[in-house]
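Okay, structure first, notes after.
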Amino acid sequence: MPFHIQRATAAHIDVICDIERAAVELFRDHAAWRFYSRLSIPKDLLAEEIRRGFVWVAVDDGSGEAVGFIWLDVELHGDVVSIAEIDVLPAFHRQGIGSALLEHACNWAREKGYRRIDLGTLPDVPWNAPFYARHGFVVVDKDDPAFAYARERDRENGFPDALRVFMSRTLPA
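In this text, residue positions in the sequence shown follow my numbering: the first is 2, and each later residue adds one.
See below:
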């Protein structure tokens, strides 16, 4: 499927939220479901991050519809950027869209001078930690102070620490 990646606009807010909800459905049989099912992207926060230029969408060249997105969080760690969220519509999995979004974000971060990209994910889901490992991310110590904010956010949302791993990828200069 031919697609391209572009910066998200305000017109993408609803479809990004729809993509997230569709992607969450894949976790129905996972212990994370009870937490993921009750959380969703706050549209006002998404709108602000789109305005700031930290959200990209993968657009199907045939239909012109967004089929995936990636959102970067650049506020927390100085020269380290985090992946706030990345999702692809389940009907478009295994077509290279998630990989392209991830590499696009890593290239953008490198060009902007970030030295590392971090994320939190599930270790036992093939399209989570194993996917990121194939793209050069390694599991890191979750007790590292760099992940304190993410762990606190998880605690506030009632997400069990035991379900989450943190991963990092060093970006070349």
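Note that CB positions come from ideal geometry on N, CA and C, so glycine has one too.
Exercise. Run through DSSP, which three-state label would Gly121 get?
Worked result: Locating residue 121 in the sequence shown gives position 120, where the first residue counts as 1. Annotated three-state conformation of Gly121 is strand, per DSSP.
Exercise. When you compare only the Cα positions, how much space is there between Ala151 and Ser169?
Worked result: What you label residue 151 is simply residue 150 of the sequence shown in a count that begins at 1. What you label residue 169 is simply residue 168 of the sequence shown in a count that begins at 1. Their Cα atoms are separated by approximately 13 angstroms.
Exercise. From Thr171 to Glu66, what does the alpha carbon distance come to, in whole angstroms?
Worked result: Taking the sequence shown and counting its residues from 1, the one referred to as residue 171 is at position 170. Taking the sequence shown and counting its residues from 1, the one referred to as residue 66 is at position 65. Using only the alpha carbons, I get a separation of about 32 angstroms.
Exercise. Apart from the five residues just before and just after Tyr10, which ones in its own chain have a Cβ nearer than 8 angstroms to its Cβ?
Worked result: Here residue 10 refers to the residue found at position 9 of the sequence shown. Strictly speaking, residue 10 in this sequence is Thr, with Tyr absent from that position. When the five nearest sequence neighbours on each side are left out, the beta carbons in the same chain lying within less than 8 angstroms of the beta carbon of Thr10 are those of Ile51, in order along the chain.
Exercise. Alpha carbon to alpha carbon, how far is Val56 from Asp80?
Worked result: Walking along the sequence shown from the start, residue 56 turns up at place 55. Walking along the sequence shown from the start, residue 80 turns up at place 79. Taking the straight line joining both Cα atoms gives about 18 angstroms.
For this session: Can you grab the Cα-Cα spacing for the pair Asp142 / Ile14, in whole Å?
Result: Counting from 1 along the sequence shown, the entry for residue 142 is found at position 141. Counting from 1 along the sequence shown, the entry for residue 14 is found at position 13. Whole-angstrom Cα-Cα distance: 34 angstroms.
For this session: Take the Cβ of Arg165 as the centre, count every other Cβ of all protein chains shown within 10 Å, and call the residue buried at 16 or more, exposed below.
Result: Within the sequence shown, residue 165 is the residue found at index 164, counting from 1. Result: buried.
Exercise. Could you give the uninterrupted runs of the beta strand (DSSP E) lying entirely in the stretch 50 to 79, keeping only those of 3 residues or more?
Worked result: 56 to 61, 67 to 74
Exercise. Per DSSP, what kind of secondary structure is Val25 in: helix, strand or coil?
Worked result: Stepping through the sequence shown from its first residue, residue 25 is reached at position 24. Three-state result, Val25: helix.
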